[in-house]
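*Asks:* Can you read through this structure? Questions will come right after.
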Amino acid sequence: MEGPPGEDEIWKYLLANPQGRAEIFQQPNKTLVWRAVEFERVEKFKGLTQEERLVYSLIEKEGNMGLWTRDMKFRSNLQQTTINKILKTLQNRKLIKAVKSIAGRNRKVYMLYDLEPSVKVKGNAFYTPDGVFDSEFVNVLNKHCYRYIEQEGSVTLESMASFVRNSGMSNVELKDEDVQQILDTLIYDGKVDKVKDAGISIPVFYMCEDEGDVTPAKCPYLTQWLDTKW
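Spelled out as C-alpha cells, the structure:
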C-alpha cells in the first residue's frame, strides 16, 4: 500500500489495534508500514476511544499549523458535538491545545500540546494574544525607529535592534526579524533608504540632506565609497 495515510487507513488501524500498540508509519518512499508503539506512548493514549485516537491522529498530522474544527469534521466524518467532547477530553489530558489563529478573530486551531505554533498561526510580536494586529504599537515603533535613524544618521540592523530592546517601548521580546519588518516599512514609506557599504555588504540606513547633522561632507560611507579602488 503506497501513498500518504488517508482516513480509511487510519480507521482500519484503529479498529485493528484497540490497545494502541501499533501505528501507521510512512517511510521516505511513501510506503506505509506498521510499527510498535513505545510504552510511554501507549500509556499516554490509555483509555482513549477509537474516535478520540482518530481525532488525535488528524491533529498530529498537521504539526504546528494546527487543525481547524471544520476540517476535523470533514476528515473524520464525526458529528460536531462528538468532536467537541473529544477535544475537551484531549485537552484535559494535555495531549492537545487550542491556539487562536490570526486567520480569524474567533478562529481556533488545535495542535499537539508541546508544539510551538507557527508564526503563520499566532503571528509575530506585532499581534496581541487574541490574534489581533496591534497597529498602534507598530506606529509607535515606526516613529521611534525613524527618529533614531534621523538622530544617528545611519544604523545597522543590529544597532537598531539593540536600541529598540533597550528603549523599554516594548513589553514583548522583539527579534531581529521583527525590527527588520519595521525598517522595511520605513523603506516602503520612502522615509529611509537601504544601501550596501562598498566591499563590506553591511546594510545601513541613512538620511542625507544638504544641511543639518547628516550631509554628504560628513558622511563616512560616502568618503569610503569614493576611496574605493574599482
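Straight run, no breaks: the sequence shown in our numbering ends on number 282. Note that the Cβ used here is the ideal one computed from N, Cα and C, for glycine as well.
1. Closer than 7 Å by C-beta to residue 146: which residues in its own chain qualify, once you throw out the five before and the five after it? Chain order, please.
2. Would you report the Cα separation of residue 250 and residue 215, rounded to the nearest angstrom?
3. Short of 8 Å in beta carbon distance, which residues of its chain neighbour residue 278, apart from the five on each side in sequence? Order them along the chain.
4. Can you tell me which of 161, 116, 234 and 96 puts its alpha carbon nearest to the alpha carbon of residue 178?
5. In whole angstroms, give me the CA-to-CA distance for residue 239 and residue 218.
6. If I'm right that residue 111 touches residue 125 with Cβ under 8 Å, what's the distance once you round it to whole angstroms?
7. Answer yes or no: do residue 120 and residue 161 have a C-beta to C-beta separation smaller than 8 Å?
8. Rounded to the nearest angstrom, what separates residue 194 and residue 114 at their Cα positions?
9. Measure the C-alpha to C-alpha separation of residue 41 and residue 237 and round it to an integer number of angstroms.
10. List the endpoints of the continuous alpha helix (DSSP H) containing residue 111.
11. Helix or strand or just coil, what does DSSP make of residue 192?
12. In whole angstroms, give me the CA-to-CA distance for residue 189 and residue 129.
13. Using only the alpha-carbon positions, how far apart do residue 197 and residue 212 sit?
14. Grab me the residues of residue 252's own chain with a C-beta within less than 8 Å of its C-beta, minus the 5 sequence neighbours each way, in chain order.
15. Using beta-carbon positions only, say whether residue 223 and residue 167 come within less than 8 Å of one another.
16. So is residue 153 buried or exposed if we call it buried at 16+ other beta carbons inside 10 Å?
17. Where DSSP assigns a beta bridge to residue 179, which residues make up the other side?
18. Nearest-angstrom Cα distance between residue 181 and residue 159?
19. Need the endpoints of the alpha helix (DSSP H) that residue 226 sits in, please.
20. May I ask which residues mark the beginning and end of the alpha helix (DSSP H) holding residue 213?
21. If you count every other CB in all the chains shown that lies within 10 Å of the CB of residue 150, and 16 or more means buried, which is it?
*Replies:* Let me lay it out:
1. 165
2. Residue confidence for residue 250 is low, a pLDDT of 37 falling below 50, so the modelled location carries little weight and cannot support an answer.
3. Low per-residue confidence applies at residue 278: pLDDT is 49, beneath 50, and the placement is therefore not dependable, though the value from the model is reported in the following sentence. Excluding residues within five positions, none has a Cβ falling inside 8 Å.
4. Residue 234 is the option with its Cα nearest to residue 178.
5. 23 Å
6. In fact, because the Cβ distance is near 13 Å, the residues do not count as touching under 8 Å.
7. In contact: residue 120 and residue 161 (Cβ atoms closer than 8 Å).
8. Whole-angstrom Cα-Cα distance: 36 Å.
9. For residue 41 there is no data in the structure shown, the boundaries of the chain being 53 and 282.
10. 102-113
11. The answer is helix: DSSP assigns residue 192 an H, G or I state.
12. Using only the alpha carbons, I get a separation of about 43 Å.
13. 7 Å
14. In this prediction, residue 252 scores a pLDDT of 25, lower than 50, which makes its location untrustworthy; no coordinate-derived value is stated.
15. Taking the C-beta atoms as reference points, residue 167 is found no nearer than 8 Å to residue 223.
16. buried
17. 185
18. 13 Å
19. That residue, residue 226, is in no alpha helix (DSSP H); it is neither H nor E in DSSP.
20. 209-219
21. exposed
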